[in-house]
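Here is the structure we will look at.
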Amino acid sequence: MSLKTQGNSPLIHVENLTKSFGDHIALNNVSFSLNKGQPIALVGPNGAGKTTLFSILCGYLLPTSGRVSIAGAEAGHEKLFGRLAALPQDAQFDPRFTISHQLKFYAQLQGFNRKEALKEAERTLDLVGLSETLQAKPSELSHGMRKRVAIAQTLIGSPEIVMLDEATAGLDPINAREVRELVSSLSSDITFILSSHDLSELERLCSQVLYLEKGQLQQHQSLQNEDAQRYITLRMKQSYDNFLELVQSVSSVVSVKQTQSNEFLITSAITQAEEAPVDLQILQLCHQQKWQYSQLTNGKTLENQLF
Amino acid sequence: MLNIQRLSILTQFELIRIFKTKNGLISLATFCAVWFVLLYYMISSATEIIFSDGFKMVASTLFGALGLSALLEWPVAEFAIYWLVAVYSFPLFALFAASDQTCSDKARGTLRFITLRATRSEILLGRFLGQYIIIAILIFLTLLACIVLATVRDASLFIPSFKQAATLFLELSIIITPFIALMSFLNSLLSSAKMSIVMSILFYTVGALLIGYVQFQFNSGEFLNYIFPGTQISRVVSLQNLDFIHYLIPLVQSVILLFAADKLLKRASL
Chain C
1 MSLKTQGNSP LIHVENLTKS FGDHIALNNV SFSLNKGQPI ALVGPNGAGK TTLFSILCGY
61 LLPTSGRVSI AGAEAGHEKL FGRLAALPQD AQFDPRFTIS HQLKFYAQLQ GFNRKEALKE
121 AERTLDLVGL SETLQAKPSE LSHGMRKRVA IAQTLIGSPE IVMLDEATAG LDPINAREVR
181 ELVSSLSSDI TFILSSHDLS ELERLCSQVL YLEKGQLQQH QSLQNEDAQR YITLRMKQSY
241 DNFLELVQSV SSVVSVKQTQ SNEFLITSAI TQAEEAPVDL QILQLCHQQK WQYSQLTNGK
301 TLENQLF
Chain G
308 MLNIQRLSIL TQFELIRIFK TKNGLISLAT FCAVWFVLLY YMISSATEII FSDGFKMVAS
368 TLFGALGLSA LLEWPVAEFA IYWLVAVYSF PLFALFAASD QTCSDKARGT LRFITLRATR
428 SEILLGRFLG QYIIIAILIF LTLLACIVLA TVRDASLFIP SFKQAATLFL ELSIIITPFI
488 ALMSFLNSLL SSAKMSIVMS ILFYTVGALL IGYVQFQFNS GEFLNYIFPG TQISRVVSLQ
548 NLDFIHYLIP LVQSVILLFA ADKLLKRASL
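Taken in order, these protein sequences are the chains called C and G.
Note that the numbering used here has the first sequence beginning at 1, numbered continuously upward.
Note that the numbering used here has the second sequence beginning at 308, numbered continuously upward.
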């Protein structure tokens, strides 16, 4: 499977990628192509092979077989220095040096001179809202702050691809939202690849998704709704009698399926021009029946698409 | 291809690690304290004893038996004792001091940040050069202290001390090279500095026993001793009749160890 390409060649091209650890096959013949653009979600249950794929793309692991090409270069090749940045899941900064010193060191390795490197360290820390930690050592920071500093190091220079493995794991809701806003605000210049278990987060940010399960690529799709049918996800505040029957009776509703407690996936045919849109009809029904809903989503949730 | 700028930044970072961090400065202070004791109490006192009229004959016999008579001829007596201490202690010190070139960074994941900005070969060589320069600086400082010691005893020894110190600096700098390279190799193979030290001890003990056994069984295999860094030390300690091969052995050992370390690190999972 592959998404439609926008340029001549994809930004990331993976072909028949397999990675084994002894008898265990972590990735099994995975192939896909990704183009420059909106953030891409890397999704899958624990042990699906997400971190292995992430590590191979960053050049931390060598594949057992298969080919990886990133912006025309092999994974880990020096041509990608400064172009591909990553937040590896468990990587820590050196506890002996200040944050400023380490960010300056990384910036200098990327070609900045000493003065520019300091400015770059300040700029990236400012982006993640941690300017005050410039002279702090990693041990003086909380887990969440260390993670944000690790995100800051991915933004040094002008990377084209930034891979974030569980970027918001362990962050409080406010900081997690700030990270999401940061990704969203930079996504016009940077192609982000995000791995997370928080599907609602990925849904908010990503327009493409790679779904891995047991080392195999199960789905690779755009989150745009391109079907002849239309989907609406309706989450009610509580359960109501006759809900399914009454929603089913709305014209153009094809089916109503309960996906979770009080959450329903409504499938409708594309409404005719003279008809009221199906979402308006459903809202009217809620109003008439005095039903309280908590959320109406245009389309399937990512969770419903994947599972 | 190695990028010289990145290599230089990586090397400088190693120097900062020892000279600008708390842990580095504590290690440095410990080193200085040990060498102060060695210089003040051992080298200074031993020089007085060995070159005293009463002990001269004994010293001559002892040094002669060890093939070290030439050392008694050195114009600056302190350096003879310094050399005997330094030629065996600095290689050992190099093994310990350079035992954590990449291990901690690998275990902590810091190496993942760095490998997105520098090749593994650059990291390996940068760390090796950093450690080499640190130990070379420490050798230089001990030699400087020895010059002071000799000059305080006899001010006319100031110039001869410099000449002698320059020779010993060159010799020691060459001798320590494969020991640091050995730790580069073990760091590429193992995941902790402690394990690297343990493996280096096993290498010199079990390795020597195995090679001794092979040599005994097959009555040949002298060349196998060349796998051990420092194998030439016993022959260079007298600093007499040295030929090019004595310098070539540690340099070739270093190149082979670094080449093997590079191959291992390139394939290592981070």
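Ideal Cβ positions, reconstructed from N, Cα and C, are used throughout, including at glycine.
- Distance check between residue 33 of chain C and each of C:9, C:56, C:23, C:277 places C:9 closest, using alpha-carbon atoms only.
- Proximity of residue 17 of chain C to chain G, defined by a Cβ-Cβ separation below 8 Å, is not satisfied.
- In chain order, 91, 92, 93, 94 make up the part of chain C whose C-beta sits under 8 Å from the C-beta of residue 417 of chain G.
- Assigned with DSSP and collapsed to three states, residue 143 of chain C falls in helix.
- Measuring C-alpha to C-alpha distances from residue 12 of chain C to each of C:24, C:28, C:37 identifies C:37 as the nearest.
- For residue 391 of chain G, the closest alpha carbon among the candidates G:573, G:544, G:556 is that of G:544.
- Put simply, the backbone Cα of residue 193 of chain C is about 6 Å away from that of residue 164 of chain C.
- In the same chain as residue 314 of chain G, and ignoring 5 residues on each side of it, the C-beta atoms closer than 7 Å to its own belong to 429, 432, 433, in chain order.
- Against chain C, the beta carbon of residue 320 of chain G has neighbours under 8 Å at 105, listed in chain order.
- Distance from the CA of residue 381 of chain G to the CA of residue 475 of chain G, rounded to the nearest whole angstrom, comes to 12 Å.
- Listed along the chain, the chain C residues whose CB falls inside 7 Å of the CB of residue 576 of chain G are 60, 61.
- Chain order gives the chain G residues near residue 81 of chain C as 423, 424, 425, where near means a beta carbon separation below 8 Å.
- Beta-carbon to beta-carbon, residue 102 of chain C and residue 82 of chain C are separated by about 17 Å, too far to satisfy the 8 Å threshold.
- The three-state secondary structure of residue 78 of chain C, taken from DSSP, is helix.
- If you ignore the 5 residues before and after residue 367 of chain G, its C-beta comes within less than 8 Å of the C-beta of 376, 379, all in its own chain and listed in chain order.
- Under the Cβ criterion of 8 Å, residue 84 of chain C is counted among the residues facing chain G.
- Counting other Cβ atoms within 10 Å of its Cβ, residue 574 of chain G stays below 16 and is therefore classed as exposed.
- For the pair of segments examined, the stretch 520–529 of chain G was found not to touch the stretch 546–566 of chain G: the number of CB pairs separated by less than 8 Å stays below three.
- Beta-bridge partners of residue 298 of chain C (DSSP): C:232.
- Residue 456 of chain G sits close to residue 385 of chain G, with the two beta carbons spaced by under 8 Å.
- When CB distances to chain C are screened at a threshold of 8 Å, not a single residue of the stretch 524–539 of chain G falls below it.
- In the three-state reduction of the DSSP assignment, residue 19 of chain C falls in the strand class.
- Within chain C, no residue has its beta carbon less than 9 Å from that of residue 466 of chain G; the closest one is some 40 Å off.
- Secondary structure of residue 576 of chain G (DSSP, three-state): coil.
- Chain C places no beta carbon closer than 8 Å to that of residue 326 of chain G, leaving this residue out of the contacts.
- Annotation: the continuous alpha helix (DSSP H) that includes residue 439 of chain G extends over 427–460.
- Sixteen is the threshold: since fewer than 16 other Cβ atoms of the shown chains lie within 10 Å of the Cβ of residue 519 of chain G, the residue is exposed.
- When DSSP states are grouped into helix, strand and coil, residue 553 of chain G belongs to the helix group.
- In chain order, 96 make up the part of chain C whose C-beta sits under 8 Å from the C-beta of residue 330 of chain G.
- Between residue 80 of chain C and residue 212 of chain C, the CB-CB gap reaches or exceeds 8 Å.
- Under the three-state reduction of DSSP output, residue 32 of chain C falls in the strand class.
- Sequence-distant partners of residue 45 of chain C (beyond 5 residues in either direction) whose C-beta falls short of 7 Å from its own C-beta, in its chain, are 213.
- Contacts with chain C at 8 Å (Cβ-Cβ) include residue 316 of chain G.
- Of the candidates G:310, G:388, G:337, G:388 places its Cα closest to the Cα of residue 348 of chain G.
- The C-beta of residue 248 of chain C comes no closer than 8 Å to any C-beta of chain G.
- When beta bridges are read from the DSSP output, residue 293 of chain C appears opposite C:236.
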